[in-house]
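**Student:** For the protein sequence lines, the chains are P and D, in the order given. Residue 7 is where the first sequence starts when you use this note's numbering, and the numbers rise one by one after that. Residue 80 is where the second sequence starts when you use this note's numbering, and the numbers rise one by one after that. Beta carbons: idealized from backbone N, C-alpha and C, even for Gly. Fair warning: this is a prediction, and the values are worked out from it, not measured in the lab. Just dropping this structure here.
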Amino acid sequence: MSVAGSAEGRPAAGRRLSPRSLLRHESVLLVLVVITLAMLAHQSDRFFTTDNLLNQGRLMAEVGFASLTMTFVIITGGIDLSVGSILGLGAIMLGVFWKNVGLPLPVAMVLAVAVGGVCGLVNGLIITRFRVPPLIATLATLSLYRGLAEGISESRSVRGYPEWFFRLGQGDVFGVPTQVWILVLAAIFGALVLSRTTFGRATYALGANETAARFSGVAVDRTKLLIYTASGLAASLASVIFVSRVSTTRSDMGTGLELDAITAVVLGGTSIFGGRGTIAGTVLGLVLIQALRNGLALSGVKGDGTIMVIGAVLILAILVSNMLGRDGDG
Amino acid sequence: MEAIAAPPLGARRLRRLAAAYGQELVVLGALVVLMVGVGLYNPRFLSDTSLTSVFSGNAYIAVAAIGMSMVIITGNIDVSVGALIGVLGTIAGTLAVNGAPTWVSWGTPLLVGMAVNAVIGLLVAYARIPAIVVTLGMLSILRGGLISATGGKWISGLPSAFRLAQERFFGVPSGVFIAAILTVIAALWMRYSSTGRAIYAVGGNAEAARAAGVRTQGMLVLVFALHGFFAGIAAVLFATQLQVIQSTVPPNLEMSIITASVIGGVSILGGTGTVIGSTLAALLFSAIASALIFVNISAYWLRAVLGLLILGTVLADMARRRRKGRIQ
Numbered sequence: 007m008s009v010a011g012s013a014e015g016r017p018a019a020g021r022r023l024s025p026r027s028l029l030r031h032e033s034v035l036l037v038l039v040v041i042t043l044a045m046l047a048h049q050s051d052r053f054f055t056t057d058n059l060l061n062q063g064r065l066m067a068e069v070g071f072a073s074l075t076m077t078f079v080i081i082t083g084g085i086d087l088s089v090g091s092i093l094g095l096g097a098i099m100l101g102v103f104w105k106n107v108g109l110p111l112p113v114a115m116v117l118a119v120a121v122g123g124v125c126g127l128v129n130g131l132i133i134t135r136f137r138v139p140p141l142i143a144t145l146a147t148l149s150l151y152r153g154l155a156e157g158i159s160e161s162r163s164v165r166g167y168p169e170w171f172f173r174l175g176q177g178d179v180f181g182v183p184t185q186v187w188i189l190v191l192a193a194i195f196g197a198l199v200l201s202r203t204t205f206g207r208a209t210y211a212l213g214a215n216e217t218a219a220r221f222s223g224v225a226v227d228r229t230k231l232l233i234y235t236a237s238g239l240a241a242s243l244a245s246v247i248f249v250s251r252v253s254t255t256r257s258d259m260g261t262g263l264e265l266d267a268i269t270a271v272v273l274g275g276t277s278i279f280g281g282r283g284t285i286a287g288t289v290l291g292l293v294l295i296q297a298l299r300n301g302l303a304l305s306g307v308k309g310d311g312t313i314m315v316i317g318a319v320l321i322l323a324i325l326v327s328n329m330l331g332r333d334g335d336g
Numbered sequence: 080m081e082a083i084a085a086p087p088l089g090a091r092r093l094r095r096l097a098a099a100y101g102q103e104l105v106v107l108g109a110l111v112v113l114m115v116g117v118g119l120y121n122p123r124f125l126s127d128t129s130l131t132s133v134f135s136g137n138a139y140i141a142v143a144a145i146g147m148s149m150v151i152i153t154g155n156i157d158v159s160v161g162a163l164i165g166v167l168g169t170i171a172g173t174l175a176v177n178g179a180p181t182w183v184s185w186g187t188p189l190l191v192g193m194a195v196n197a198v199i200g201l202l203v204a205y206a207r208i209p210a211i212v213v214t215l216g217m218l219s220i221l222r223g224g225l226i227s228a229t230g231g232k233w234i235s236g237l238p239s240a241f242r243l244a245q246e247r248f249f250g251v252p253s254g255v256f257i258a259a260i261l262t263v264i265a266a267l268w269m270r271y272s273s274t275g276r277a278i279y280a281v282g283g284n285a286e287a288a289r290a291a292g293v294r295t296q297g298m299l300v301l302v303f304a305l306h307g308f309f310a311g312i313a314a315v316l317f318a319t320q321l322q323v324i325q326s327t328v329p330p331n332l333e334m335s336i337i338t339a340s341v342i343g344g345v346s347i348l349g350g351t352g353t354v355i356g357s358t359l360a361a362l363l364f365s366a367i368a369s370a371l372i373f374v375n376i377s378a379y380w381l382r383a384v385l386g387l388l389i390l391g392t393v394l395a396d397m398a399r400r401r402r403k404g405r406i407q
């Protein structure tokens with residue numbers, strides 16, 4: 007996205023170096039995470055308690071789901087700015103299907119997740135069929151999906167969900183928050199798909215060089231369609247969990263989620279130009295952001311101060327990683 | 080692939096027109112159709128007061144979209160400009176309330192905006208960090224900084240001399256006047272000056288531009304700094320609209336500004352587009368927003384309508400581009 011020349015030059019360089027440079031970014035990040043955790047633990051007694059850590063996992067889950075699929079999206083060289091809006095629309099549709107249409111809640115949940123899948127599929131179709139750059143396509147649907155959520159709900163919220171529904175967002179399984187289990191399973195699944203399957207290889211291939219991938223017989227369009235659909239599904243799954251966690255639906259839910267997810271992914275070492283990145287990196291990025299947010303809050307920094315630190319960390323991490331990367335290039 | 084894009088018959092003529100006269104004409108046409116259509120339905124829409132409010136309310140978006148268009152034409156993007164406008168507006172207001180001369184309150188945001196965005200430009204051009212990453216980080220820094228600094232409090236008690244946006248020049252609301260003047264100057268500068276042409280060159284093909292003697296990295300810093308300058312003007316207009324300055328800007332303000340640029344015909348791929356288009360698009364947005372009220376559509380649907388409009392414009396643009404490519 008910066009100068010056209012470097013945009014084309016970089017993925018190739020990244021791929022040539024890939025195993026070592028990946029390790030390098032992730033080890034830098036891991037060291038950073040460990041130092042941060044140690045410092046935060048030193049700062050506040052309340053940070054390294056089981057309760058606090060589990061609760062942070064709970065808060066991390068919604069961005070987490072979006073980040074996992076965002077990793078795939080960014081590895082293909084794309085971006086999905088509409089996930090926050092899909093989360094909002096998913097939440098509203100859950101309320102509509104259950105309260106207004108009168109469907110049983112489990113059916114409403116499935117349908118709400120399906121709506122997210124359709125939204126993602128539409129993104130994918132606009133991008134693959136009409137060749138609209140992903141940034142613009144999802145910028146447009148960001149407005150459209152949020153607009154639909156606002157129009158359908160007319161800013162009314164839906165409350166009064168049954169007790170069992172809250173187990174998803176507020177309950178525990180074996181002492182660990184329910185959504186943390188789901189997030190961990192999803193992360194393992196995502197990591198396996200990305201690193202061990204032909205689909206994962208296709209994802210890297212088309213991110214590194216789409217034309218080459220097409221000529222090598224990679225089903226480029228189908229791969230992208232699946233990835234954007236999965237991105238929508240992840241966002242709407244997050245919406246169901248979000249609604250369960252906060253016990254209400256509102257049309258402004260998930261505003262800005264896309265930026266949090268992209269920050270986690272990029273911090274995790276995925277190249278914004280595509281072709282390079284791992285799920286493990288994304289998970290480290292997520293943990294670092296959440297730890298910073300929580301730790302700084304515990305040591306008395308106000309919520310807004312922590313956003314500043316996260317922004318600075320994002321820029322610095324990429325700056326350092328770029329410098330190390332260039333040394334490696336020789 | 081081609082078969083899917085086959086357009087309906089009416090769109091074909093429109094597209095030929097658009098290919099010849101560019102996206103600007105399409106936006107202007109949409110604006111005229113909208114004004115006439117809604118005016119026929121409800122003549123009050125065309126009355127003096129409502130037209131004035133239509134155009135002055137969004138003037139700051141048009142001004143910010145001038146800088147954004149330049150950034151996008153170089154093939155970059157800035158998602159932090161909404162937060163920047165909030166910060167600069169607060170700076171202006173704080174100065175004004177504390178008794179600084181009016182020209183200082185108005186001028187400081189322009190300089191601070193240039194400085195902040197020059198840093199972005201340096202990181203993008205010399206550290207080679209993609210603009211979307213730098214500005215994502217900057218978005219967090221500015222937004223967090225703004226709320227920390229103000230504590231979410233509003234600034235009130237602004238001196239009356241400070242309220243630029245509430246004045247009128249030659250009978251025209253100052254915002255509209257300033258947006259129009261800046262658009263014309265920027266459009267002429269970008270079309271006829273060698274520096275202006277270089278902006279297109281950098282976005283069209285950076286390597287070729289370099290070979291032709293354009294200092295591409297310096298150009299990027301300049302363009303981002305200019306973008307910050309326009310953001311400063313936009314911030315002063317935004318901050319002086321009301322009697323108070325809120326510590327928040329409209330949500331997704333950066334998206335509205337980017338959208339104005341893109342609908343106005345600035346290609347996100349870089350290298351093409353004009354600021355006339357982006358200003359017309361900003362006008363179109365505000366016209367649509369107020370038209371909804373006059374045709375009794377709930378304001379809740381505004382965003383969905385805008386989203387559909389953006390999508391339609393983008394799809395039409397891609398179809399036009401592909402057609403053009405085939406002719407060549």
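1) In whole angstroms, what is the alpha-carbon distance linking P:G63 and P:Q296?
2) I'd like to know whether the C-beta of D:A206 is nearer than 8 Å to at least one C-beta of chain P.
3) From P:F205 to P:I233, what does the alpha carbon distance come to, in whole angstroms?
4) Look up D:F248 in the DSSP assignment and say whether it is helix, strand or coil.
5) For D:L267, does the count of other Cβ atoms within 10 angstroms reach 16, so buried, or fall short, so exposed?
6) With distances taken from CA atoms, which of D:G250, D:V176 and D:V281 is nearest D:V150?
7) Of all Cβ atoms in chain P, is any one closer than 8 Å to the Cβ of D:Y379?
8) Can you check whether the CB of D:I145 is closer than 8 Å to the CB of D:S365?
9) Check for me: the alpha helix (DSSP H) holding D:W233 runs from which residue to which?
10) Could you please give the first and the last residue of the uninterrupted alpha helix (DSSP H) stretch that includes P:Y151?
11) So which residues of chain D does P:S305 contact, with C-beta pairs closer than 8 Å?
12) Pull the bridge partners of D:I324 from the DSSP assignment, please.
13) Using a Cβ cut-off of 8 Å (strictly closer), state whether P:V272 contacts chain D.
14) Can you check which of these residues, D:A197, D:G178, D:A304 and D:G275, is closest to D:V293 by C-alpha distance?
15) Using 8 Å as the threshold, is the stretch 197–209 of chain D in touch with the stretch 346–356 of chain D, meaning 3 or more CB pairs across them?
16) Classify D:I260: buried if its beta carbon has 16 or more other beta carbons within 10 angstroms, exposed otherwise.
17) Note the first and the last residue of the continuous alpha helix (DSSP H) segment covering P:N300.
18) Give the DSSP bridge partners of P:T255, in chain order.
19) Apply the 10 Å Cβ neighbour rule to P:R256 and answer buried if 16 or more other Cβ atoms are within range, or exposed otherwise.
20) Considering only residues of the same chain and omitting the five flanking positions on each side of P:G336, which have a CB-CB separation below 7 Å?
21) Can you list, in chain order, the residues of the stretch 116–145 of chain P whose Cβ is nearer than 8 Å to any Cβ on chain D?
22) Based on the DSSP secondary-structure assignment, which residues constitute the bridge partners of P:V179?
23) If I follow the unbroken alpha helix (DSSP H) through P:F53, where does it start and stop?
24) What residues of chain P sit near D:R382, judged by a beta carbon separation below 7 Å?
25) Compute the beta-carbon to beta-carbon distance between D:T229 and D:T169, rounded to the nearest angstrom, for a pair I have assumed lies under 8 Å.
26) Mark P:S8 as exposed unless 16 or more other C-beta atoms lie within 10 angstroms of its C-beta, in which case mark it buried.
27) Using alpha carbons as the reference points, say which of D:A313, D:N155 and D:S369 lies closest to D:L163.
28) Establish whether the CB of D:Q397 and some CB of chain P are separated by less than 8 Å.
29) Quick one: give me the first and last residue of the alpha helix (DSSP H) that D:S206 is part of.
30) DSSP three-state call for P:A120: helix, strand or coil?
31) For D:R222, go through chain P and note every residue whose CB falls closer than 7 Å to its CB, in chain order.
32) State yes or no: is the beta carbon of D:V150 nearer than 8 Å to at least one beta carbon in chain P?
33) Residues of the stretch 331–349 of chain D in Cβ contact with chain P at a cutoff of 8 Å, in chain order, please.
34) 8 Å is my cut-off, CB to CB: does P:K345 come that close to chain D?
35) Closest to D:V300 by CA distance: which of D:V133, D:A194 and D:A143 is it?
36) Taking only beta-carbon positions, decide if D:P209 is within less than 8 Å of chain P.
**Tutor:** On the basis of the supplied data:
1) 8 Å
2) yes
3) 10 Å
4) strand
5) exposed
6) D:V281
7) yes
8) no
9) Segment: none, D:W233 is in no alpha helix (DSSP H) and carries neither H nor E.
10) P140 to S159
11) The contacting residues do not exist; P:S305 stays about 15 Å from chain D at best.
12) D:I234
13) yes
14) D:G275
15) no
16) exposed
17) I285 to L304
18) P:V164
19) buried
20) Residue placement at P:G336 is poorly supported in this model, since its pLDDT is 29, which falls under 50; the coordinates still yield a value, given next. Here the set comprises nothing.
21) I132, R135, F136, R137, V138, P139, L141, I142, A143 and L145
22) P:V182
23) Careful: P:F53 lies outside any alpha helix (DSSP H) and carries neither H nor E.
24) S149, R152, G153 and E156
25) 6 Å
26) In this predicted model, P:S8 has a pLDDT of only 39, less than 50, meaning its place in the structure is not dependable enough to derive any value.
27) D:A313
28) The question names Gln, but residue 397 of chain D is Met in the sequence shown. Yes - at least one Cβ of chain P is within 8 Å of the one on D:M397.
29) The sequence shown places Ala at residue 206 of chain D, not Ser. Premise fails: D:A206 is in no alpha helix (DSSP H) and is neither H nor E.
30) helix
31) I313
32) no
33) N331, M334, I337, T338, V341, I347, L348 and G349
34) Shown here, chain P extends from 7 to 336; a query on residue 345 of chain P therefore has no answer.
35) D:A194
36) yes
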